[in-house]
Amino acid sequence: AQTVTQSQPEMSVQEAETVTLSCTYDTSESDYYLFWYKQPPSRQMILVIRQEAYKQQNATENRFSVNFQKAAKSFSLKISDSQLGDAAMYFCAYKEGRDDKIIFGKGTRLHILP
Amino acid sequence: DVKVTQSSRYLVKRTGEKVFLECVQDMDHENMFWYRQDPGLGLRLIYFSYDVKMKEKGDIPEGYSVSREKKERFSLILESASTNQTSMYLCASSLGDRGLYHYGYTFGSGTRLTVV
Chain A
1 AQTVTQSQPE
11 MSVQEAETVT
21 LSCTYDTSES
31 DYYLFWYKQP
41 PSRQMILVIR
51 QEAYKQQNAT
61 ENRFSVNFQK
71 AAKSFSLKIS
81 DSQLGDAAMY
91 FCAYKEGRDD
101 KIIFGKGTRL
111 HILP
Chain B
1 DVKVTQSSRY
11 LVKRTGEKVF
21 LECVQDMDHE
31 NMFWYRQDPG
41 LGLRLIYFSY
51 DVKMKEKGDI
61 PEGYSVSREK
71 KERFSLILES
81 ASTNQTSMYL
91 CASSLGDRGL
101 YHYGYTFGSG
111 TRLTVV
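Protein chains in written order, with the numbering used here: chain A, 1 to 114; chain B, 1 to 116.
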């Protein structure tokens, strides 16, 4: 069965600095999607970034980018120029290509220090 | 603004009560999901549905059932609430794959259920 592992339960970063959240996953499939979701204190889950496994180019969305290492089954999220509004729980997630179920990691709580 | 709406933000119920958690989406999505979120455990899939009247068990279906009589509405039912069902419940919907692109899920804002 596919699994998603986030090894950092909590992290802190100084405002304006860069932080990287780690994620590894286990799958025998070649066709899949990876996501990072953000859950702020409001509890609303927000999609931050997505990556299709068939794409070699790393996805970027403004200050958010990923380092997708398919062979290593690693999918880390880099947040540049951290802002106070980035404080949230971040979930790494995996979806197999032929199914619509998403498997989530246990999350990393990110604190932004002013 | 497209939306997934969960009927209650907070709910307190007594042990043994039958509890209904409602979820409505206005995006004409085929697929809907119920997750449970607990600290240190992330999100775990309870049930999902890919069509009206269709339902499938997720990873932790015990003690729960669902109903999907209309495309836009997906209800989670706790037949006899127990204290170990105290949790945050998240509903989500999805268009599914569109060619080689998947938009991810749209989530509701969650229902925090306390069973006393």
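Every residue, glycine too, gets a C-beta built ideally from N, C-alpha and C.
Residue i - DSSP class collapsed to helix/strand/coil
i	result
Gln138/B	This structure does not reach residue 138/B, given that chain B is present from 1 up to 116, and the question cannot be answered.
Gln42/B	Gln is not the amino acid found at residue 42/B; the sequence shown has Gly there. In this structure, Gly42/B counts as strand in the three-state DSSP scheme.
Asp86/A	helix
Glu79/B	coil
Phe43/A	The question names Phe, but residue 43/A in the sequence shown is Arg. In this structure, Arg43/A counts as coil in the three-state DSSP scheme.
Glu17/B	coil
Ile103/A	strand
One or two residues paired with residue i in a DSSP bridge
i	result
Phe91/A	Tyr37/A
Arg98/A	In DSSP, Arg98/A forms no bridge with anything.
Ala92/B	Phe33/B and Phe107/B
Asp26/A	Thr3/A
Phe68/A	Phe75/A
Phe74/B	According to DSSP, which records beta bridges pairwise, Phe74/B is partnered with nothing at all.
Lys55/B	BP columns for Lys55/B are empty, so no partner.
Rounded C-alpha distance that separates residue i from residue j
i	j	result
Pro40/A	Leu45/B	20 Å
Gln44/A	Glu29/A	30 Å
Phe91/A	Tyr89/B	16 Å
Leu84/A	Ala16/A	9 Å
Lys55/B	Gln25/B	17 Å
Val4/B	His29/B	10 Å
Cys23/B	Ser75/B	6 Å
Thr86/B	Leu43/B	14 Å
Leu113/A	Glu61/A	23 Å
Val13/A	Asp86/A	10 Å
Asn31/B	Cys91/B	11 Å
Tyr32/A	Leu47/A	17 Å
Met115/A	Met89/A	Lying outside 1 to 114, the shown extent of chain A, residue 115/A is not represented and no answer is given.
Ser199/B	Val19/B	Nothing can be reported for residue 199/B, as the shown portion of chain B is limited to 1 through 116.
Leu78/B	Pro9/A	30 Å
Ser7/B	Phe107/B	13 Å
Glu117/B	Arg112/B	Beyond the ends of chain B as shown, which are 1 and 116, falls residue 117/B; an answer cannot be given.
Asp81/A	Arg63/A	7 Å
Leu110/A	Gln51/A	21 Å
Gln57/A	Gln69/A	10 Å
Gln2/A	Val12/B	34 Å
Ala53/A	Pro39/B	29 Å
Residue interval of the beta strand (DSSP E) (run including residue i)
i	result
Ile79/A	Ser74 to Ile79
Arg68/B	Tyr64 to Lys70
Glu10/A	Glu10 to Gln14
Val116/B	Where Val116/B is concerned, there is no enclosing beta strand (DSSP E), given that its DSSP letter is neither H nor E.
Tyr50/B	Neither: Tyr50/B is in no beta strand (DSSP E) and is coded neither H nor E.
Lys13/B	Tyr10 to Lys13
Thr5/B	Val4 to Gln6
Thr18/A	Looking at the DSSP string, Thr18/A is not in any beta strand (DSSP E), and its letter there is neither H nor E.
Ile49/A	Ile46 to Glu52
Gln25/B	Cys23 to Gln25
Arg63/A	Looking at the DSSP string, Arg63/A is not in any beta strand (DSSP E), and its letter there is neither H nor E.
Ile112/A	Thr108 to Leu113
Practice problem: Decide if the region 65-85 of chain A is in contact with the region 14-28 of chain A; the criterion is three or more beta carbon pairs, one per stretch, under 8 Å apart. | Solution: yes
Exercise. Please determine if the region 97-106 of chain A and the region 58-75 of chain A are in contact, where contact requires at least 3 C-beta pairs separated by less than 8 Å.
Key: no
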